[in-house]
Amino acid sequence: MKKQLPLLLGLIVGFFAVIEFYVPHYYVGTVKNHLIEWTLVLAAGAYVIGAINILQVNLPKVRRRAPDWEYKIVLIVGAVAMALIGIKWHTFGGEPNLAITSTITKGAVAGDVAVVEVSSDELDALVNVGPTMARPLQSGAGSFEVPPGKHSIKLYMKAAGYTEVTGEVELAAGDRVVVTGSPTMQWGPSGRVFVWMYDHVFAPCNATMFALLAFFVASAAFRAFRARNAEALLLLVAAIVILIGRAPMGRSIHPLLPEVSDWILDIPNNAGRRAIMMGAAIGAIATGLRVILGLERSHLGSD
Amino acid sequence: MAAPEPKHWTEKLQSFDRRWIFLAMGFAIVLPLLFPINLPIKPSPMVQAGFYTVEALQPGDVVFVSVDLEPASTPELEPYFRSVMLQLKRKNVKLVIATTWYAAPPLVERWIREMIENPIAPEGTPGYTAPLDADGKPMYDRAYKKNEDYVWLGFREGKAAVISGLGSDLRGTFDNRAADGTPLDAIPIMNGKKQLKDFKLLVLISAGFPGIKEYVQQVQSRYNLRMVGATTAVSTTDLAPYYQAGQLLGLSGGLAAAAEYETMVGKPGLATQAADVLNVSHLVVILAIVFGNFIFFVGRRRKARR
Amino acid sequence: MTELYFIDVVGAWIGIFLTLCILSFLYKDNPFYKFAEHLFVGVSIGYLVSQQYYNVMRPKLVDELAAGFGGGAWTHWLALVPLVLFLAMVVKTVSRKFAWVGRYPLAFVVALFAGLQINAVAQAELGAQIKRAMKDIDTKQVDLQTASVARLTPLPGFTPAIAEKVVAARDAGAFVPTAEGVQALPSLTDAERGIVADNRGTVKGLDAQTGKGRYWFGIVSNILLLLGTLTSLLYFYFSLATRAWSARSRGSACGS
Chain H
152 MKKQLPLLLG LIVGFFAVIE FYVPHYYVGT VKNHLIEWTL VLAAGAYVIG
202 AINILQVNLP KVRRRAPDWE YKIVLIVGAV AMALIGIKWH TFGGEPNLAI
252 TSTITKGAVA GDVAVVEVSS DELDALVNVG PTMARPLQSG AGSFEVPPGK
302 HSIKLYMKAA GYTEVTGEVE LAAGDRVVVT GSPTMQWGPS GRVFVWMYDH
352 VFAPCNATMF ALLAFFVASA AFRAFRARNA EALLLLVAAI VILIGRAPMG
402 RSIHPLLPEV SDWILDIPNN AGRRAIMMGA AIGAIATGLR VILGLERSHL
452 GSD
Chain U
-13 MAAPEPKHWT EKLQSFDRRW IFLAMGFAIV LPLLFPINLP IKPSPMVQAG
37 FYTVEALQPG DVVFVSVDLE PASTPELEPY FRSVMLQLKR KNVKLVIATT
87 WYAAPPLVER WIREMIENPI APEGTPGYTA PLDADGKPMY DRAYKKNEDY
137 VWLGFREGKA AVISGLGSDL RGTFDNRAAD GTPLDAIPIM NGKKQLKDFK
187 LLVLISAGFP GIKEYVQQVQ SRYNLRMVGA TTAVSTTDLA PYYQAGQLLG
237 LSGGLAAAAE YETMVGKPGL ATQAADVLNV SHLVVILAIV FGNFIFFVGR
287 RRKARR
Chain C
-13 MTELYFIDVV GAWIGIFLTL CILSFLYKDN PFYKFAEHLF VGVSIGYLVS
37 QQYYNVMRPK LVDELAAGFG GGAWTHWLAL VPLVLFLAMV VKTVSRKFAW
87 VGRYPLAFVV ALFAGLQINA VAQAELGAQI KRAMKDIDTK QVDLQTASVA
137 RLTPLPGFTP AIAEKVVAAR DAGAFVPTAE GVQALPSLTD AERGIVADNR
187 GTVKGLDAQT GKGRYWFGIV SNILLLLGTL TSLLYFYFSL ATRAWSARSR
237 GSACGS
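In order, the protein sequences belong to chains H, U and C. All residue numbers for the first sequence refer to my numbering, where the first residue is 152 and numbers rise by one. All residue numbers for the second sequence refer to my numbering, where the first residue is -13 and numbers rise by one. All residue numbers for the third sequence refer to my numbering, where the first residue is -13 and numbers rise by one.
As structure tokens, this is what we get:
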């Protein structure tokens, strides 16, 4: 029963997922949407559990001083630090104030203009009054002349990870309004520190890891790409034509090269890819049916 | 005992230290950035088709943009994003932006701040001539306002399932809120937008899985959606059949295609600069293949003679 | 140029340092590379946990259940289903004795994905691709005298603007319906004339694709496309490779 019931669940869910495609009924669509929502939760949950699992695997290695155990400490510290930075601490004890406070004094300014005086605890905040471009505050204060009317006001920081404080004021000629508001530093996925870590640790490492491939491709091209037979020779000739044709230098060498490169992409490549797609599609359908019908059980593990 | 026979030069070369090749590749990447070559760039038919599809949009149309990438793919995809945003913004097309990759949100938020909430090529930008509208006035892009001109919906996990969910219930997938918590009902450009088919066009910028392929599989055929896309060079051959079958209305594949797109939009940028790197690094790879095979065949013939 | 905060300058240098640490792997494996690699993995783990929680689990699980407890509609209680399944996954991770409960969420997710894929690939990869593969091989040239703007635009050397000018000249009766005639149109700008001139060609270019006859290069390409598709299909489904062919190929085509 430990396997039969999950297989029955799979049969019902899988069968429904297939049938809903052909049944344009409102309630069928609603059920499908709920099933998708639950799947999204489980997919996200799988990542969270994977993270827990990585800690489960690495903590014992540190305890028993396995090879490279010092680097596992770096890994664990990095993970815990980033997870803690990713918590929205600024919302604990209530959401921060995102609205400006304003006090209007009528008739305080001569002429047909109004004056907006902005002050903020963040000394280098930026302010937009109406459609104007961002203006920096000087030591947390700024004064701007505006025409009478309704104006939207936005106080924000030039760095990412701070809240925006916004509001609207309606001014007549001669009014002076004192606007106060302070963008708060955020924590969590949109927070200052989190984005800083992403920009200066995650992104450079992610990009450079991928960039290593370029070097290994060049090395593989020298050492491993051998024309041992006619098919391999054809492959290498096509590869060279595409390499030249896809770069701007191809046109400079001969105007036909990009045309040949495009033709290879359009005809032989698409012919082969189309066949692969069709074959893979039939395989995917067969495998999908096997999973739904319970003939394929490897994903459930052994008893 | 006889002295060992000295290695033939082909044998020495076949096993020489690969770090010299890494060094050559390093020079091939750095030198063109310092000494640009600036070869002309001619757009290919797939890139042209994508450009003209976007160009056919009208002011006020609402477009769904899915940015599914990570920092590793930004050299190939950021130039396309910048160019297509310029093209869309100067036509005053409204944007609904989302992502299905967990590594994308901070990157997308930065691009929104830099390229959507600020003009990309305002009046007076050196080297840029804005196209003219029907009345003969130059069309410049402007700073877009959050939740008025564009909406950032955020990230949802789920691979193919989330894309299927976008197709049937976009609002429910994003819990009826934008990423900043604003209810979608309070955002005018989301009026009547419940599914992907309610958008005039889908612009997909994807680095892998899930991406354009999953959008084509899950939603394009089912809801008969109009889609254009940009992807990495590695995925281009995989997606070209979709373009040929009409499931994609345009496809920009890799850095070279991004440079072509920049040329069509009229604002050369990072991809055009990096095209020189492409030229030289491709040359290095070709020389490596040719030289490697030359050494192999000379060595083989020598062994056959002995 | 926008001034950076000091902390962002420090961050930029940290990014440079980590980039060089990883590139040092090209020389050989070393402690700097290992440090950067482990730091990257650790930060990635923390990063994705935060993203997944706040973007998916919080709105779809926590907030839904909170709304249910807060007296909202009964549909909020449906979030108990993914909660139970998620807890089953957690149990599978932490307990060997009760790992079997983890089969339920796995069966659910795998079966749902399988069901979604079946229709998706049948329509997008079988249906649409077979339809394209069965397209008519015969390709006629585009008749410049009658083609619409939409039909003219994909031609080499044409842009929508050029297509509209051709149609306008045609309607005005002042147009010779040949590639030469297009290039000679007085309403074209110099740049447009240059684009047209660049794409003239008697094999694949504008001259080959316009007229009242057949586009022979297109026909040959379509035949090759169909033959290529059929050959590949036969190869995959009926393993047409003979023993002699397999012996000749001997391992991968580009193996060392």
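The beta carbon of each residue, even a glycine, is placed where N, CA and C say it ideally should be.
With a 10 Å radius around its C-beta and 16 neighbouring C-beta atoms as the bar for buried, classify residue i as buried or exposed.
i                      : result
residue 241 of chain C : With a pLDDT of 46 at residue 241 of chain C, under the threshold of 50, the predicted position of this residue should be treated as unreliable, though the coordinate-derived value follows. With fewer than 16 other Cβ atoms within 10 Å, it is exposed.
residue 161 of chain U : buried
residue 68 of chain C  : buried
residue 371 of chain U : Examination of residue 371 of chain U is not possible in this model, given that chain U is present from -13 through 292 alone.
residue 287 of chain H : exposed
residue 214 of chain H : exposed
residue 141 of chain C : buried
residue 152 of chain H : exposed
residue 17 of chain C  : exposed
residue 198 of chain C : exposed
residue 188 of chain H : buried
residue 220 of chain C : exposed
residue 395 of chain H : buried
residue 100 of chain U : exposed
residue 130 of chain U : buried
residue 45 of chain C  : buried
Give the C-beta separation of residue i and residue j to the nearest angstrom, bearing in mind that I take them to be a contact with Cβ-Cβ under 8 Å.
i                      : j                      : result
residue 239 of chain U : residue 248 of chain U : Actually they do not touch by this definition, with Cβ atoms about 14 Å apart.
residue 299 of chain H : residue 261 of chain H : That pair is no contact at about 13 Å.
residue 272 of chain H : residue 291 of chain H : 6 Å
residue 5 of chain C   : residue 355 of chain H : 5 Å
residue 190 of chain H : residue 95 of chain C  : 6 Å
residue 65 of chain C  : residue 92 of chain C  : At roughly 20 Å, the Cβ-Cβ gap does not stay under 8 Å, so residue 65 of chain C and residue 92 of chain C are not in contact.
residue 425 of chain H : residue 115 of chain C : 5 Å
residue 165 of chain H : residue 443 of chain H : 3 Å
Going by alpha carbons, who is nearest to residue i out of the options?
i                      : options                       : result
residue 132 of chain U : U/190, U/87, U/113 and U/83   : U/83
residue 203 of chain H : C/143, C/11, C/144 and C/79   : C/79
residue 35 of chain U  : U/273, U/151 and U/214        : U/214
residue 346 of chain H : H/270, H/252, H/234 and H/162 : H/234
residue 303 of chain H : H/289, H/253 and H/352        : H/253
residue 165 of chain U : C/42, C/17, C/-1 and C/-2     : C/42
residue 187 of chain U : U/168, U/174 and U/211        : U/211
residue 157 of chain C : C/190, C/166 and C/135        : C/135
residue 200 of chain U : U/233, U/93 and U/284         : U/233
residue 379 of chain H : U/222, U/219 and U/284        : U/284
residue 126 of chain U : U/252, U/-5 and U/262         : U/252
residue 93 of chain U  : U/198, U/56 and U/1           : U/56
residue 248 of chain C : C/40, C/125 and C/58          : Within the shown structure, residues of chain C are numbered from -13 to 242, placing residue 248 of chain C beyond reach of any answer.
residue 108 of chain C : H/448, H/451 and H/428        : H/428
Taking 9 Å as the threshold (C-beta atoms), are residue j and residue i in contact?
i                      : j                      : result
residue 40 of chain U  : residue 191 of chain U : no
residue 172 of chain C : residue 42 of chain U  : no
residue 387 of chain H : residue 279 of chain U : yes
residue 21 of chain C  : residue 222 of chain H : yes
residue 313 of chain H : residue 278 of chain H : no
residue 431 of chain H : residue 96 of chain U  : no
residue 149 of chain U : residue 91 of chain U  : no
residue 203 of chain C : residue 182 of chain C : no
residue 181 of chain U : residue 144 of chain U : no
residue 393 of chain H : residue 364 of chain H : no
residue 58 of chain C  : residue 423 of chain H : no
residue 154 of chain H : residue 89 of chain C  : yes
residue 246 of chain U : residue 29 of chain U  : yes
residue 368 of chain H : residue 271 of chain U : yes
residue 446 of chain H : residue 25 of chain C  : no
Using only the heavy atoms of the ligand ZN, determine whether one of them is closer than 8 Å to the beta carbon of residue i.
i                      : result
residue 120 of chain U : The ligand ZN is not among the ligands present in this structure, which contains no ligands whatsoever.
Practice prompt. Return the residues of the stretch 260 to 279 of chain U that lie within a Cβ-Cβ distance of less than 9 Å from chain C, sorted by chain order.
Written response: none
Item to complete: Check each residue of the stretch 229 to 246 of chain H: if its Cβ is closer than 8 Å to any Cβ of chain C, include it; give the result in chain order.
Response: 229, 230, 231, 232, 233, 234, 235, 236, 237, 238 and 239
Discussion item. Counting only Cβ-Cβ distances shorter than 7 Å, please list the residues of the stretch 1 to 30 of chain C near chain H, keeping chain order.
Written reply: 1, 4, 5, 8, 9, 11, 12, 20, 21, 22, 24, 25, 26, 27, 28, 29 and 30
Worksheet entry | Interface positions of the stretch 175 to 195 of chain H facing chain U (Cβ-Cβ less than 8 Å), listed along the chain | 180, 183, 184, 187, 188, 190, 191, 194 and 195
Worksheet item: Listed from N- to C-terminal order along the chain, which residues in the stretch 196 to 212 of chain U have their beta-carbon within a distance smaller than 7 Å of any beta-carbon of chain C?
Response: 202, 203, 204, 206, 207 and 208
Worksheet item: If you measure beta-carbon to beta-carbon, which residues of the stretch 48 to 72 of chain C are closer than 7 Å to chain H?
Response: 64, 67, 68, 71 and 72
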